[in-house]
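S.K.:
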Amino acid sequence: MNYSIIFYIIGWILNLEAAFMLLPCITAVIYGEKSGFAFLITMAVCVAIGIPLTLKKPQKRAFYTKEGFVAVALSWIVLSIMGSVPFLLSGSISHPIDALFETVSGFTTTGASVISDVEILSHCVLIWRSFTHWIGGMGVLVFILALLPLAGGYHMNLMKAESPGPSVGKLVPKVQSTAKILYTIYFGLTILQIIFLLVGKMPLFDTLCISFGTAGTGGFGIRNDSLGGYSTYIQVIVTIFMILFGVNFNVYFLLLTKKFIQAFKVEELHYYLGIIGASILAIAINTSHMFDNIWVALQQSAFQVGSIITTTGYATTDFNQWPVFSKTILVLLMFVGACAGSTGGGIKVSRLIILFKTVAKELHLYLHPNAIKKIKMDQKPIPHEVVRSTNIFMAVYILIFAGSVLILGFDEYDLTTNFTAVAATLNNIGPGLELVGPTGNFSLFSPLAKCVLIFDMLAGRLEIFPLLILFTKNTWKKF
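The sequence shown runs 0 to 478 under numbering that gives the first Met the number 0.
Below, the structure is given as structure tokens:
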């Protein structure tokens with residue numbers, strides 16, 4: 000294990016986090032809030048630790064997949080711990096586990112909260128909650144790759160460990176250029192949403208917070224009713240951008256390079272949009288009696304389907320009161336998730352495509368044992384290692400899910416609450432059903448249960464393996 004490079008990367012993470020905290024500090028100055036001092040103190044601590052770690056570049060440049068996974072996992076843990084400090088120092092949250100839960104929920108773009116009344120929070124704390132979504136959406140390590148000239152030999156190992164989906168590739172030959180392209184698209188879409196929301200006369204502060212949450216597919220609201228109190232125009236704009244941020248960013252790169260035919264032939268995109276369309280129609284029909292007319296039902300259905308499948312977690316209505324059929328669809332969408340290479344969470348559409356095609360292949364081989372059948376996506380054969388890693392991912396995913404539900408059972412809440420709480424955190428969604436529905440929160444759980452859910456949020460965002468590698472014996476052997 001090359002510890003020197005790992006500490007060097009963590010140092011840059013701390014320096015970057017200090018820079019990010021300038022936004023809530025500026026907000027505190029604008030609104031005259033004393034909570035800003037909590038961020039100044041935290042910034043000082045981050046810099047005091049981060050600068051010494053980055054003064055000297057590591058001499059050992061050997062950096063392999065193992066180091067990449069460990070660096071990413073530890074970076075996210077350190078990022079979350081330091082990000083929770085302002086909640087404690089400002090008095091917004093009193094318990095360290097609750098503060099860590101809220102921060103991990105922010106950076107992992109989950110949006111599950113332990114705060115019962117967000118409207119009493121200061122503006123600087125609110126914007127920090129939402130900004131953590133934007134920071135974590137594309138990945139903080141990807142951000143560093145886009146800005147800093149790190150040792151080129153380990154760019155790809157960092158990106159592979161942090162990027163969501165069954166595989167990650169370079170859009171252009173240089174990984175650093177790929178990171179810049181991804182963040183340019185991310186930033187561009189965020190600015191575009193901000194403009195559209197401002198056109199709808201949404202206050203600037205609300206616009207920034209909601210745009211950060213939408214871009215990162217996070218879902219922290221600044222009102223207790225989430226987005227229920229905003230106009231239909233605002234809700235429609237957020238719906239559109241939630242779905243856009245759930246698309247694989249490779250598609251946008253193809254569009255920017257004028258490869259329109261290739262972009263619209265992406266198989267995952269077809270399934271993603273197809274699932275969204277079918278779900279919207281089914282729920283709208285099922286809930287039409289609950290709204291004034293079918294158009295309102297379609298609009299509300301579109302918002303919640305877009306919010307759940309992209310794992311954003313915003314709500315415009317209490318879908319906990321919807322018919323069982325509609326709630327069942329939403330629960331299934333929690334597991335489907337967005338596209339690989341997007342800011343969304345969940346299992347990912349591409350993984351499900353691979354799984355279904357693997358099953359179809361096995362059934363075909365049962366009928367025709369001597370047949371040679373390759374699993375393809377976008378008319379290209381899927382490498383065996385991708386299929387294998389997808390199967391292993393699903394096996395470990397199921398084990399973590401089952402274990403988490405079992406441990407939450409000690410809190411003696413109903414099965415639906417426990418089941419959807421794990422689904423909402425492991426898939427980085429936010430709200431579940433029953434006690435953790437759109438009008439509830441996660442403050443009811445015991446410290447043990449919250450720690451399990453914190454682990455689930457990190458495991459979901461980091462695609463499980465980088466986090467699990469921390470617990471293996473061979474990981475910590477010296478290089």
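Even for Gly, the Cβ is constructed at its ideal location relative to N, Cα and C.
(1) Can the beta-carbon of A214 be found closer than 8 Å to that of F244?
(2) Can you tell me whether P51 is helix, strand or coil according to DSSP?
(3) Give me, in chain order, the residues of the same chain whose beta-carbon lies closer than 8 Å to that of G35; leave out the 5 immediate sequence neighbours on both sides.
(4) Roughly how many angstroms lie between the CA atoms of F464 and S445, to the nearest whole one?
(5) Touching or not, the stretch 395-405 and the stretch 418-436, by the rule of three or more beta carbon pairs under 8 Å?
(6) Looking at C-alpha atoms only, which residue of A370, L197, N14, S230 is the closest neighbour of Q298?
(7) Does the distance from the C-beta atom of S210 to that of I193 stay below 8 Å?
(8) Apply the 10 Å Cβ neighbour rule to Y7 and answer buried if 16 or more other Cβ atoms are within range, or exposed otherwise.
(9) Where does M333 fall in DSSP's three states?
(10) In this structure, what does DSSP give as the bridge partners for M376?
(11) Once DSSP output is grouped into helix, strand and coil, what is the label at C208?
(12) To the nearest angstrom, how far is it from the Cα of L254 to the Cα of A262?
(13) By a C-beta neighbour count over all protein chains shown, 10 Å radius and 16 as the cutoff for buried, is S93 buried or exposed?
(14) How is the alpha helix (DSSP H) around S487 delimited, first residue to last?
(15) Within this structure, are the beta carbons of L432 and K326 separated by less than 8 Å?
(16) Thinking C-alpha only, which one of L125, L13, L52 is nearest S74?
(17) Can G436 and A111 be called in contact, C-beta distance under 8 Å?
(18) Could you tell me the boundaries of the alpha helix (DSSP H) in which F130 lies?
(19) Which of the three DSSP states, helix, strand or coil, is assigned to L466?
(20) When the Cα atoms are used, what is the spatial distance from A47 to I76?
(21) Can you tell me whether DSSP reads N1 as helix, strand or coil?
(22) By the 10 Å Cβ neighbour count, where 16 or more other Cβ atoms means buried, how is T471 classified, buried or exposed?
(23) May I ask you to report which of helix, strand or coil DSSP gives R222?
(24) From which residue to which residue does the alpha helix (DSSP H) around N249 run?
(25) For the alpha helix (DSSP H) containing E101, name the first residue and the last one.
(26) Quick one, are the C-beta atoms of F248 and G340 less than 8 Å apart?
(27) Using 8 Å as the threshold, is the C-beta distance between V335 and L351 below it?
(28) Alpha carbons only, please: which of R460, F19, T286 is nearest the one belonging to T310?
(29) When the Cα atoms are used, what is the spatial distance from K33 to M20?
(30) Would you check if the distance between the CB atom of S117 and the CB atom of I453 is smaller than 8 Å?
(31) Which same chain residues end up closer than 6 Å to G168 when comparing Cβ atoms and leaving out the 5 residues on each side of it in sequence?
(32) Just tell me which of E266, F106, I80, I50 has its CA closest to the CA of K375.
(33) Note the first and the last residue of the continuous alpha helix (DSSP H) segment covering P23.
M.R.: Well, looking at it:
(1) yes
(2) helix
(3) So the qualifying residues of the chain are P23, C24, T26, A27, V28, C123.
(4) 26 Å
(5) yes
(6) S230
(7) yes
(8) buried
(9) helix
(10) For M376, DSSP records a beta bridge to K379.
(11) Looking at C208 - three-state DSSP - the assignment turns out to be helix.
(12) 6 Å
(13) exposed
(14) Past the boundaries of the shown model lies residue 487; the chain is included only from 0 to 478, so the question cannot be answered.
(15) A distance below 8 Å separates the beta carbons of L432 and K326.
(16) L13
(17) no
(18) 122-137
(19) helix
(20) 18 Å
(21) coil
(22) exposed
(23) coil
(24) 248-255
(25) 95-106
(26) For F248 and G340, yes; Cβs fall inside 8 Å.
(27) yes
(28) R460
(29) 15 Å
(30) In the sequence on display, residue 117 carries Val and not Ser. No, the Cβ-Cβ distance between V117 and I453 is not below 8 Å.
(31) The predicted model places G168 with a pLDDT of 49, which falls under 50 and marks its position as unreliable; any figure quoted below should be read in that light. Cβ within range, chain order: n/a, list empty.
(32) E266
(33) Start and end: 21-30.
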